[in-house]
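So the structure is just underneath, and the comments pick up after that.
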């Protein structure tokens, strides 16, 4: 049984965000018509900014991570109708970015 989360800490707005510098290359499976470096603002995905002010790039360091970012979100997601939209070689981009570290902080 899981417990409900309590309220956030009172000093949350005063805490420093864990910003880290990362350098690619990064791999991304993306829908046709989207750029490899697309920063989505739909507010529909798990790490999206609900206000849509900041974009989120869902990418990975390897092809396995890029695959799971697309197909791991929903069991049974990859039917023939959906697979055709994404089944293309992963795009590879190389750039440095300062990003919010969300690895257990």
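Numbering (the working numbering), first residue to last: 137 to 241. For glycine and all other residues, C-beta sits at the position ideal for the given N, C-alpha and C. What you are looking at is a predicted structure, and each value in this text was computed from that prediction instead of being measured.
Burial state of residue i (16 or more Cβ within 10 Å)
i, result
"residue 235", "exposed"
"residue 163", "buried"
"residue 156", "exposed"
"residue 262", "One cannot answer for residue 262 here, as it falls past the ends of the chain, which runs 137 to 241."
Top-ranked residue by Cα proximity to residue i, from the options
i, options, result
"residue 161", "237, 204, 196 and 201", "196"
"residue 182", "146, 139 and 209", "209"
"residue 167", "186, 159, 151 and 194", "194"
Extent of the continuous alpha helix (DSSP H) run through residue i
i, result
"residue 206", "199-207"
Supposed contact pair residue j and residue i - C-beta distance, whole angstroms, cut 8 angstroms
i, j, result
"residue 175", "residue 192", "6 angstroms"
"residue 179", "residue 188", "5 angstroms"
"residue 237", "residue 154", "4 angstroms"
Residue i - DSSP class collapsed to helix/strand/coil
i, result
"residue 159", "strand"
"residue 148", "helix"
"residue 241", "For residue 241, the pLDDT reaches just 43, beneath the cut-off of 50, and the residue's location in the model is therefore unreliable, leaving the point undetermined."
"residue 234", "strand"
"residue 176", "strand"
"residue 153", "coil"
"residue 168", "coil"
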